[in-house]
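Per numbering that gives the first Met the number 0, the sequence shown starts with residue 0, numbered consecutively. Glycine included, every Cβ here is placed at the ideal spot set by N, Cα and C. Quantities reported herein were computed from a predicted structural model and do not represent experimental measurements. Below is one structure, written out as structure tokens; comments come after it.
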Amino acid sequence: MGFDLHVHSIYSDGALTPGQLVIEAIAQGLTGIALTDHDTVDGLPEAVAAGQQQNLPVIPGIELTTDFGKIEAHILGYNLNYREPTLVRKLEAILAARVGRVQEIVKRLNRRGIPLQWSEVQTLANSRFIGRTQVFTAMERRGLIDPLRRKQSFEYYLGSEGIAYVPHREIETREAIELINACGGVPVLAHPGRGGVDVVIRQLVDFGLKGLEVYYPTHTPEMVKKYLQFATEFGLIITGGSDYHGRPGQPLGEAQVYSLPFN
Ligand code: AMP
Ligand code: MN
Ligand code: MN
Ligand code: MN
0 MGFDLHVHSI
10 YSDGALTPGQ
20 LVIEAIAQGL
30 TGIALTDHDT
40 VDGLPEAVAA
50 GQQQNLPVIP
60 GIELTTDFGK
70 IEAHILGYNL
80 NYREPTLVRK
90 LEAILAARVG
100 RVQEIVKRLN
110 RRGIPLQWSE
120 VQTLANSRFI
130 GRTQVFTAME
140 RRGLIDPLRR
150 KQSFEYYLGS
160 EGIAYVPHRE
170 IETREAIELI
180 NACGGVPVLA
190 HPGRGGVDVV
200 IRQLVDFGLK
210 GLEVYYPTHT
220 PEMVKKYLQF
230 ATEFGLIITG
240 GSDYHGRPGQ
250 PLGEAQVYSL
260 PFN
């Protein structure tokens, strides 16, 4: 079987601990996983230790939410030296900015008459990370979300065109790519098929991008073909992963690669 190179844990907005992810990966027959929590490396020591204990290769990674002008690009970083002080300091600033951002989201919801308190959201954070998933779960706990219209509700309140949306503005794409390279990691553009980024791939390569996440659950065969061609054209490595968050209907290993594209 293969590697799922895009997985989230409770250290960002996933449902499972790193140890539980390793157990689940073994149960699914995977050869290895990469932990790529949003904007944090706090789960990596635990994930690597669990992998060693269970004899499952666990690749340390991260997924940075970045801005390229008006485009939001998610940059994965693999095998990075996650104790590098420049990285640690930058992530502290990003996580602090996320707190301010979510507080602003709560204020905007309140202005629209939605009764939600910051403390209800904050209590759902398992680590220093906080984001829209915690806001949405807090709204669900209050009974504000129709369980049959979860996706539409997320878009209505919190989507990029939603009534309480606040953009990120925490790190630019160029800085993120350079930071991952400076930490000895491999920067990869996540889920390009989700849109908006095709026109900037060439520039990202100039910034030091090394790979494309070609295999992803929502990528159609046509998208896979297109991104395989981009990878050949720009000399990029090919990765894949499921973006597993432990939510119902999204199995671990839904997208994989069958050999590791980096050392
Ligand atoms: P943030 O990083 O704070 O901007 O939050 C984005 C996160 O929200 C993503 O990483 C997903 O985990 C989650 N998310 C995005 N769209 C949806 C959706 N339609 N329903 C539920 N969760 C979503
Ligand atoms: Mn997420
Ligand atoms: Mn992403
Ligand atoms: Mn992700």
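Within 6 Å of the C-beta of aspartate 12 there is at least one heavy atom belonging to ligand 2.
Under the three-state reduction of DSSP, phenylalanine 135 is assigned to helix. Taking every protein chain shown into account, the CB of lysine 150 has fewer than 16 other CB atoms within 10 angstroms, so this residue is exposed. In the DSSP assignment, aspartate 66 forms a beta bridge with Glu71, Glu171. Glutamate 212: member of the beta strand (DSSP E) spanning 210-214, first to last residue. Setting aside the 5 residues that flank it on each side, glycine 195 is surrounded in the same chain by Ile70, each with a C-beta closer than 6 Å to its C-beta; the list follows chain order.
Note on isoleucine 74: 16 or more other CB atoms within 10 angstroms of its CB, so buried under the neighbour-count rule. Proximity of the region 82-90 to the region 210-229 falls short of the contact definition, fewer than three beta-carbon pairs being nearer than 8 Å.
Residue state for tyrosine 226 is assigned as helix, using DSSP reduced to three classes.
Here the C-alpha atom of tyrosine 77 lies approximately 38 Å from the C-alpha atom of arginine 141. Where phenylalanine 128 is concerned, there is no enclosing alpha helix (DSSP H), because DSSP gives it neither an H nor an E.
Of the heavy atoms belonging to ligand 3, at least one sits nearer than 6 Å to the Cβ of histidine 73. Contact annotation: alanine 175 and threonine 65 have beta-carbon atoms nearer than 7 Å. No heavy atom of ligand 3 is found nearer than 6 Å to the CB of alanine 254. Between the beta-carbon of leucine 188 and that of alanine 72 there is about 7 Å, and that keeps the pair under the 8 Å contact cut. Alanine 49: member of the alpha helix (DSSP H) spanning 43-53, first to last residue. Remark: the shortest separation between the CB of aspartate 242 and any heavy atom of ligand 4 falls under 6 Å. Counting every other CB atom within 10 Å of its CB across the protein chains shown gives glutamine 133 a total of 16 or more, marking it as buried. Cβ contact annotation for serine 126 (same chain, cutoff 8 Å, sequence separation greater than five): Ile9, Tyr10, Ser11, Thr39, Asp41, Gly42, in chain order. Relative to ligand 1, the beta carbon of phenylalanine 153 is positioned inside 6 Å of a heavy atom.
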